[in-house]
Each structure stands twice: as C-alpha cells, then as structure tokens.
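Report on one structure; see the data block that follows.
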Amino acid sequence: MDTIIPLFWTIGAGLSVFLLRDLQTLFVFCLGLGLLIILAKKSLRPFFQAIGWTFPFVFPLLGIHSFLNAGFPETSRLLGFITFRHEGLIFATLVSLRIFTFTIALVAWRYVDRERLFSDAIKAKIPLNVLVLLAVATSTIRSISEKGKAVYTAQQARGIPAGPGVIARFLSLPAVILPVVTSTILDGARRGGQMKNRGLGTTMVAPPFNVKRRKSIDYFLALSVFPLLLSLWLFK
Amino acid sequence: MNTKHTFIAAACLALNLSLAKVAALLSLPVYLDTVGTIVGAVLLPWPLAVAVALCTSFLGAVVINPYWAAYCGTQLAIGLTALGFVYLKMFISWWKAIIAGFLIGMVAMIVSAPVTVVLFGGVTLSGTTAINAILLASGKSIWQSVIGGSFVVESIDKPLAALLALLTLKRLPKEFIYNKNDSGE
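Those sequence lines, one after another, are chains A and B.
Heads up: the first sequence runs through residues 30 to 265, numbered per this note's numbering.
Heads up: the second sequence runs through residues -6 to 178, numbered per this note's numbering.
Structure, rendered in structure tokens:
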C-alpha cells in the first residue's frame, strides 16, 4: 500500500471528528472507509482487523454509558431493575464509530510497503537520526521481551521472592527490570560504536531503488476520503 | 549524526514498548511505558529525547496497538517534563525521583484526559476503565471519572518508572550521562 493512502485517511478521520457529529453520517463514513480499505488491499482482512481492534472498546462503552453513566437520564428499566439510558447508548455508538474510523486509518498504516515508507521519509527530509532510531528500535523490541523472560527465569532460580502478594511482586520488580534495561542500553551504545566503525552516518542515505511508481489508483484511494467526507457534511 | 546517541535512543524507545510485557511476568498492573523516555532525558540531547517520546507513540501504534498514536501528546508532555526535571537535577536521589515521577504522572493525567474523554468516551484498554466506570456510576461527570481513574493509576506507575530509571542510571557508567559540552562520540 502506498504511504499517501493511510496518510490522507488519517487526516480524513481527524476531520470527521469535527465535521460529522451524528450517527447516520458517521456510520456511512465508516462504511465508506471500510470499502476503501477492502478495495485497496483486495481483501476483507484489514476490515475485520479494524473491527477486531475496535471491539474491546465497544462493549465497555455500551455498558458504561447505556447503563452506568448517571450523566445521562434514565429512559427505561430492563427486567424491572436495570437502568437503561437511551442517550448514553447513542453517545456510546457515536464514540464507537469514531474509534472505528481512526482504527481503519491506523490499520492501513500497517500495510504500507516499508521500502515506500522509508523512501518517502527520506524525501520528506526526516532526519537520518529518527529513521535509524525507528528501524533499530523495531528490531530490538522482541529481543527485550525474550531477555526479560530469561532474566526472570534466572532470578527465580536465584530465589527472588516473586510473591505471594502484590507488595512482594513490586519489590522483586527491580531484580527483573533493571538487568534488562541496563543491558539493553549498554548493548545499544556498543552497537552504535560498531555501526559508526562501519560508516553509518558518514554519508547520505540513498532511497531504495525498488520502489514502484505511484499509480492513479493510489491517488484515487487516497483522495476519495475527502469527497466522501464533504458530501456527508454538506448533505446531512 | 551522533551514532552512539542514536542507538541509545533506539534502545530507550524499544524499552518503552516492551517493558510492560516484562512487568506482566510478575502479574503487576503497571505499564512502565515511560522508563525509556525518562532514561533518555538524562542520557541524550533534548531533540533525541523528544524524538524518543514521540516515536514511542507512533511505533507503538504500528507494533502494539493502533491507539498508542492517539496519546502522542501525552508522551511528548512526559518527555518535556522529564527534560525539565533533569535540568532541575531531580534524578539524583530516590525521593526526588519519586516526586518527579509523581509530577510526571500528573502531567500525563491532565494531557491524556481530553483524548480519553473526547476520542474514547472514557474507555481505555487498561484497567483504568473499571475505575472510570465506578466513578461514572457514582454520579461523577465523565471528565471527573477519567481524571480520577488516571490519578490512581498514574500515581503508582510514573513514580515507579522514575525510580527504576534512577536505579538504571546509577548502574550505567558516568560517561553515558549526556553533557552538552561533550564534543562527540
């Protein structure tokens, strides 16, 4: 996926917070964005991924605002004793749809072609420091989790009191976290020295040459979000 | 480009994104997603320290959960506050670090409240939602509930993160501490 697609969709999702404030228009906008992501990836997977990411918010939102939030007036009682608030349900649905629009845009970022993203970042004159920072951090994350598990196992073998009780576990936190943090920073500094010896930072970075040119379909998919948003805002 | 600083910044960024999983091994409800930011504020020049804070949100959105991006303002505020406390030499003793951590937590609470209320309707993916729900049911407004819930969580998480950052700094060689008069690598 080209970089401009999720970029414009993110901007569109941001504008929708201000322009689309009723359920119907926001619902249609969500459907429109969903259709665009299906067209972009020629697959339902990202759409269902966006639904999956949004779901953990939907039930708490509906539960809290439809039943618990005393800021909304009570409209009826379910089973004779459960307070139901219709305005809360409307509010929760509106927020859920808003979250869904952002989620679709954010899920789209996960499908951006990395070489294209890197190339566009260089063209946008993002500092080399930042690009190296992001690339190295991405590759380091998993190793930190594995290092943490190894340290935890080793410390357990040494008999750290990891319970019972919350206080004991809090007190054992430094024994697990500190070796991980310290070794990660020392490794980072050492790796920086090694990369400097290999010449990193002494030359400009050439963008990758395998990046495909943008097609008109990329522009269509990226820009479609704005006519959709405008038409819903004007004709609501 | 100062390669050593860049790679230390990358380590701090990666720590922000992965320490929560390490803390989860101990079944503790803490996030520790700012330890790297605080350590970076001491070890790095301020532009890189700010970059660590901002990139935590954006990279977190790609690697962990898309909603991390919504809290980029919070991470930025935490980074800037940590830099301020480094200037005030707050990360040299345990009690100063705890005070700094608590104040960082309050800044995080204030900056993240509008995002949680306006964008997420008072719901987050963490256990704070349960506290928010209790406060909402008791008649508090959504703003009071979100701020109340965040206060409980942040007043534990951020002082703990600051204390862990201080203990880390005490274990690192002194030449790691950033000195703006230092000419290079």
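Ideal Cβ positions, reconstructed from N, Cα and C, are used throughout, including at glycine.
- Contact of Asp216/A with chain B is assigned, a C-beta pair being separated by under 8 Å.
- Going by beta carbons, Arg114/A and Thr122/A fall outside the 8 Å limit.
- In the DSSP annotation of this structure, the continuous segment of the beta strand (DSSP E) that includes Arg106/A starts and ends at 105 to 107.
- Taking the CA atoms as reference points, Tyr181/A sits about 18 Å from Val28/B.
- For Gly115/B, the chain A residues whose Cβ falls inside 7 Å of its Cβ are Ile93, in order along the chain.
- Under the 8 Å Cβ criterion, the segment 37 to 46 of chain B counts as touching the segment 1 to 8 of chain B, having at least three qualifying pairs.
- Here Gly117/A has His94, Ser95, Asn98, Phe101 as same chain residues with Cβ atoms under 7 Å from its own Cβ, once five neighbours each way along the sequence are excluded.
- Contacts with chain A (Cβ-Cβ distance below 9 Å) from the segment 62 to 93 of chain B involve Ala62, Ala63, listed in chain order.
- Per DSSP, Thr112/A is one residue of the beta strand (DSSP E) stretching across 111 to 113.
- Between Leu19/B and Val205/A the beta-carbon gap is near 6 Å, inside 8 Å, which marks them as a contact.
- Closer than 8 Å to the CB of Ser201/A there is at least one CB belonging to chain B.
- For the pair of segments examined, the segment 148 to 166 of chain A was found not to touch the segment 74 to 88 of chain B: the number of CB pairs separated by less than 8 Å stays below three.
- With respect to the 8 Å criterion, Gly115/B and Ser138/B are classified as neighbours on the basis of their beta carbons.
- DSSP, read as helix, strand or coil, puts Thr122/A in helix.
- Between Leu6/B and Val45/B a beta carbon distance of about 5 Å is seen, short of the 8 Å cut, so the two are scored as contacting.
- The straight-line gap separating the alpha-carbon atoms of Arg227/A and Gly53/B is approximately 29 Å.
- Within the model, the alpha-carbon separation for Trp138/A versus Val79/B is close to 35 Å.
- DSSP places Leu229/A in the coil class of the three-state scheme, outside both helix and strand.
- Taking a cut-off of 8 Å on C-beta distances, the segment 42 to 55 of chain A touches the segment 127 to 136 of chain A, as three or more cross pairs fall below it.
- Only buried fits Phe129/A, as 16 or more other CB atoms lie within 10 angstroms of its CB.
- The beta carbon of Val15/B falls within 8 Å of a beta carbon belonging to chain A, placing the residue at that interface.
- Ile170/B has a beta carbon lying at 8 Å or more from every beta carbon in chain A.
- For a Cβ distance threshold of 9 Å, nothing in chain A lies close to Ala34/B: the least Cβ distance comes to about 13 Å.
- When C-alpha distances from Ile31/B are compared across Ala62/B, Val56/B, Phe95/B, the shortest belongs to Phe95/B.
- By the C-beta density criterion, Gln78/A is buried, having at least 16 other C-beta atoms within 10 angstroms.
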